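In case it helps, this note's numbering puts the sequence shown at residues 3 to 152.
C-beta: ideal position from N, C-alpha, C; glycine also.
Being a predicted model, the structure only gives us computed values, none of them experimental.
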Amino acid sequence: MRRVALAGLLLVTASLAAQTPPPLKLSGWAEASYIYSRRSAGDTIIVGRLYDRLQNRFTLNAFGVVLDKPYDPAKRSAGFHTEVLFGQNATVIKSGGGALDLGTQADIPHLYVTLNLPTANGSGVQFKAGRMPTLLGLEVIETAGNQNCR
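Here is the structure:
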């Protein structure tokens, strides 16, 4: 009986260790607001405001869709991160996209590849190449992740 229980425990442990995280992760976020102002130019624009510039209406500020493929820090590997942003914030941050131009209400602020080279301590060295609005991540577009918007 003990051998059967021990064999079962070893099989469960081995199957849990063999499980790998999903190769792709899809996530998203949304931000909406209502801005009231009596100080405007014309019918819609609030004077002196950039992101929350449309007055007296509900607005979809941003809707982001994120697709990630993580790298494996234990071996030579590659991963990527991409984000597509929709809404009025996409109009404000939009850069000259060339082939990445999605129109006036959409933008691709993040689109980069991370290459990992393993090291002796196991943490690896990462190299990132692509389109990144911030390298350190302090002032980010995603309101939920921006320390200055709380």
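Can you round the beta-carbon distance between residue 131 and residue 91 to whole angstroms, since I take them to be within the 8 Å contact cut? Incorrect: roughly 25 Å between the Cβ atoms, too far for contact.
In the DSSP assignment, the beta strand (DSSP E) including residue 127 goes from what residue to what residue? 127-133
Where do the ends of the alpha helix (DSSP H) carrying residue 94 lie? 90-95
Coarse secondary structure for residue 50, derived from DSSP in three states: coil
Go through its chain and collect everything with a Cβ distance to residue 134's Cβ below 7 Å, but skip five positions before and after it. 112 and 114
Whole-angstrom distance between residue 73 and residue 28, CA atom to CA atom: 15 Å
Given residue 136, which residues of its chain have a CB within under 7 Å of its CB, disregarding the five upstream and five downstream residues? 142
Since residue 26 and residue 71 should fall inside the 8 Å C-beta cutoff, what is the C-beta to C-beta distance between them, to a whole number of angstroms? 5 Å
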